[in-house]
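Q:
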Amino acid sequence: MNTMFRLHFWPLQILGWSAYLLVNYLSAVAHGKTFDYLDVSLTISVGGFLLTWPLHHVLKRIWQWSPWRLLRVLVPCFVLVTVTMGFISAFSVQTYCPNECVPRNVYGYLAYSGSAAMVVMSWIGLWFGIRLQRAYSEERQRVLQANQQAHEAQLKMLRYQLNPHFLFNTLNAIATLVLEQSNDTAERMLGALSRFLRYTLEQEPQQRVPLQREMEILNLYLGIEKMRFPDRLQLDIRLDPALDQALVPSLILQPLVENAIKHAVARSERACTLQIHISREGQLLRLRVADDGPGCDPKVIAEGCGVGLRNTRERLQTLYGSAQQLLVSERPEGGVAVEITLPLQWAAPR
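Using my numbering, read the sequence shown as starting at 49 and increasing by one per residue.
#1: Output the distance between the C-alpha atoms of Asn217 and Gln323, rounded to the nearest integer angstrom.
#2: Label Ala350 either buried or exposed according to how many other C-beta atoms from any shown protein chain fall within 10 Å of its C-beta, with 16 as the threshold for buried.
#3: In whole angstroms, give me the CA-to-CA distance for Glu235 and Glu306.
#4: Provide the residue span of the beta strand (DSSP E) that contains Val376, from first to last.
#5: Can you give the Cα-Cα distance for Ala67 and Val167, rounded to whole angstroms?
#6: So Gly369 and Ala338 are in contact, right, with Cβ under 8 Å, and what is the actual spacing, rounded?
#7: When you compare only the Cα positions, how much space is there between Ala164 and Asn72?
#8: When you compare each of Ile92, Thr389, Leu119 to Ser161 by their alpha carbons, which one comes out closest?
#9: Could you tell me how far apart the beta carbons of Ala76 and Tyr85 are, in whole angstroms, since I believe they sit closer than 8 Å?
#10: Which residues bound the beta strand (DSSP E) around Val313?
#11: Does the beta-carbon of Tyr269 have 16 or more other beta-carbons within 10 angstroms, so that it is buried, or is it exposed?
#12: Using alpha carbons as the reference points, say which of Asn220, Gln112, Leu99, Gln373 lies closest to Leu180.
#13: Assuming Asp232 is part of the alpha helix (DSSP H), what are its boundary residues?
#14: Which runs of the beta strand (DSSP E) at least 3 residues long sit entirely within the segment 60 to 107? Give them in chain order.
#15: Measuring straight from C-alpha to C-alpha, what distance separates Ser185 and Leu119?
#16: Which whole-angstrom value is the C-beta distance of Leu335 and Ile265, which I expect to be below 8 Å?
#17: According to DSSP, Ser327 sits in a beta bridge with which residue or residues?
#18: Can you give the Cα-Cα distance for Val296 and Val257, rounded to whole angstroms?
#19: Whole angstroms are fine: how far does the CA of Ala396 sit from the CA of Glu250?
#20: Within the same chain, show all residues whose beta-carbon is closer than 7 Å to that of Leu392, passing over the 5 residues directly before and after it, in chain order.
#21: Would Leu103 and Cys125 be called neighbours here (beta carbons separated by less than 8 Å)?
#22: For Val226 versus Leu304, is the C-beta distance shorter than 8 Å?
#23: Does the beta-carbon of Trp65 have 16 or more other beta-carbons within 10 angstroms, so that it is buried, or is it exposed?
#24: Once the 5 residues before and after Glu381 are set aside, which same chain residues still bring their CB inside 8 Å of it?
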């Protein structure tokens with residue numbers, strides 16, 4: 049802040065004293081002074097410019113002190129600058145305008161010192177006003193940056209909370225396939241897991257991706273789960289191709305699908321259908337993930353069916369505020385449905 053203030057001090061100092069020179073001279077002329085009074089105004093302005101320069105350096109050192117300690121230094125400096133400027137004013141009038149009726153005694157000097165005191169007091173007030181305004185602006189900028197960093201950190205935390213059960217179960221499934229000598233299937237599952245994990249690490253959590261790309265990554269995940277539950281996991285995916293370039297937060301569907309597999313497919317002894325329906329309603333995008341499994345306890349549904357949905361809800365709130373909605377409901381025919389509503393946004397054309 050000191051560097052920034054120093055860069056702005058000189059233009060403001062020059063502009064301020066130039067304005068004082070102009071106003072002082074025009075005021076004198078308006079009151080019938082002669083052209084010679086320009087030299088008086090110039091001398092007073094240059095004197096004020098030079099006297100407030102060291103005062104500026106003093107104020108830079110003391111402006112954050114406690115009020116009492118600040119006044120103990122500021123008052124003597126104010127008196128010194130005021131007295132000196134009053135002397136310069138009286139001297140310049142007597143030198144350049146000798147015909148002026150100025151009492152050559154202490155009263156005449158005090159008259160000029162009083163005028164100088166008002167000028168110096170105004171200069172100090174402006175100095176503190178500008179300094180405090182800049183300090184406030186920089187503090188506000190720091191707060192905004194801190195909030196932005198906290199915002200990004202929160203998104204990363206929510207996005208990177210990959211369910212360890214998924215990773216553990218997938219690795220177990222791969223190990224089982226290897227033991228059963230189903231090497232081709234194990235290799236496909238390992239390749240899909242590798243690509244999926246690489247994507248989760250490469251994508252920024254605040255980034256929005258085209259729906260087509262989101263579905264490509266989701267299909268990697270579904271492929272892994274399909275290999276884990278080849279007979280129990282049935283898929284019903286409906287996506288309007290016209291929505292391929294609609295933007296969604298990266299990996300927004302995966303925790304919904306994972307939640308459905310965990311609470312429906314993994315707990316069921318029969319085949320379960322996992323529905324992923326994506327549609328447009330006006331300027332809204334609706335993402336719906338539903339299953340026909342055994343369902344959840346109403347209390348669990350009210351709480352969002354676990355960490356995955358809770359993180360998704362918080363992430364949507366952080367990204368969209370009140371413009372989004374996430375609803376969890378129990379289906380009459382059995383199972384749970386999760387529906388996300390987002391503002392419809394499009395990827396920039398390539």
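Virtual Cβ for every residue (Gly too), placed ideally from N, Cα, C.
Just so it is clear, the structure is predicted and the values come from calculations on it, not from any experiment.
A: Taking the structure as given:
#1: As a working note, residue 217 is residue 169 in the sequence shown. As a working note, residue 323 is residue 275 in the sequence shown. So the alpha carbons of these two residues sit roughly 22 Å apart.
#2: As a first step, residue 350 is located in the sequence shown; it is residue number 302 there, counting from the start. Low confidence applies to Ala350: its pLDDT is 49, below 50, so where it sits in the model is not reliable enough to give any reading.
#3: Taking the sequence shown and counting its residues from 1, one reaches residue 235 at position 187. Taking the sequence shown and counting its residues from 1, one reaches residue 306 at position 258. C-alpha separation (whole angstroms): 22 Å.
#4: One-based indexing of the sequence shown puts residue 376 at position 328. 373 to 378 is the span of the beta strand (DSSP E), which, as asked, contains Val376.
#5: The sequence position of residue 67 within the sequence shown is 19, counting from 1. The sequence position of residue 167 within the sequence shown is 119, counting from 1. Their Cα atoms are separated by approximately 12 Å.
#6: Taking the first residue of the sequence shown as 1, we reach residue 369 at position 321. Taking the first residue of the sequence shown as 1, we reach residue 338 at position 290. Wrong, their Cβ atoms sit about 26 Å apart, outside the cutoff.
#7: Locating residue 164 in the sequence shown gives position 116, where the first residue counts as 1. Locating residue 72 in the sequence shown gives position 24, where the first residue counts as 1. One Cα belongs to Ala164, the other to Asn72, and the distance between them is close to 12 Å.
#8: Working through the sequence shown from its first residue, we reach residue 161 at position 113. Looking at the Cα atoms, Ile92 is the closest of the given residues.
#9: Here residue 76 corresponds to residue number 28 of the sequence shown, with the count starting at 1. Here residue 85 corresponds to residue number 37 of the sequence shown, with the count starting at 1. With 8 Å as the limit, Ala76 and Tyr85 qualify as a contact, their Cβ atoms being about 5 Å apart.
#10: Residue numbering aside, residue 313 sits at position 265 when the sequence shown is read from its first letter. That residue, Val313, is in no beta strand (DSSP E); it is neither H nor E in DSSP.
#11: On the sequence shown, residue 269 is found 221 positions in, with the first residue counted as 1. Buried, because 16 or more other Cβ atoms sit within 10 Å of the Cβ of Tyr269.
#12: Residue numbering aside, residue 180 sits at position 132 when the sequence shown is read from its first letter. Cα-wise, what sits closest to Leu180 is Gln112.
#13: For the purposes of this step, residue 232 is taken as the residue at position 184 of the sequence shown. Per DSSP, Asp232 belongs to the alpha helix (DSSP H) from 231 to 250.
#14: none
#15: Taking the sequence shown and counting its residues from 1, one reaches residue 185 at position 137. Taking the sequence shown and counting its residues from 1, one reaches residue 119 at position 71. Put simply, the backbone Cα of Ser185 is about 25 Å away from that of Leu119.
#16: The residue labelled residue 335 in the question sits at position 287 within the sequence shown. The residue labelled residue 265 in the question sits at position 217 within the sequence shown. Not confirmed; about 14 Å, so no contact.
#17: To locate residue 327, count along the sequence shown from 1; it is residue 279. Paired residues: Arg334.
#18: The count along the sequence shown starts at 1 and reaches residue 296 at position 248. The count along the sequence shown starts at 1 and reaches residue 257 at position 209. Near 6 Å, if we compare the C-alpha coordinates of Val257 and Val296.
#19: Residue 250 sits at position 202 when you count from the first residue of the sequence shown. Residue 396 sits at position 348 when you count from the first residue of the sequence shown. Rounded to whole angstroms, Glu250 to Ala396 spans 20 Å at the Cα level.
#20: Numbered from 1 along the sequence shown, position 344 holds the residue referred to as residue 392. Taking C-beta separations shorter than 7 Å and ignoring five residues to either side along the sequence, the partners of Leu392 in its chain run Ala294, Arg328, Gln331, Leu332, Leu333, following chain order.
#21: For the purposes of this step, residue 103 is taken as residue 55 along the sequence shown, with counting starting at 1. For the purposes of this step, residue 125 is taken as residue 77 along the sequence shown, with counting starting at 1. Yes, they are a contact pair.
#22: For the purposes of this step, residue 226 is taken as the residue at position 178 of the sequence shown. For the purposes of this step, residue 304 is taken as the residue at position 256 of the sequence shown. Not closer than 8 Å, so no.
#23: Along the sequence shown, one-based indexing puts residue 65 at 17. Buried, by the Cβ-count rule.
#24: Position 333 of the sequence shown holds residue 381. Excluding residues within five positions, the ones whose Cβ falls inside 8 Å are Asp340.
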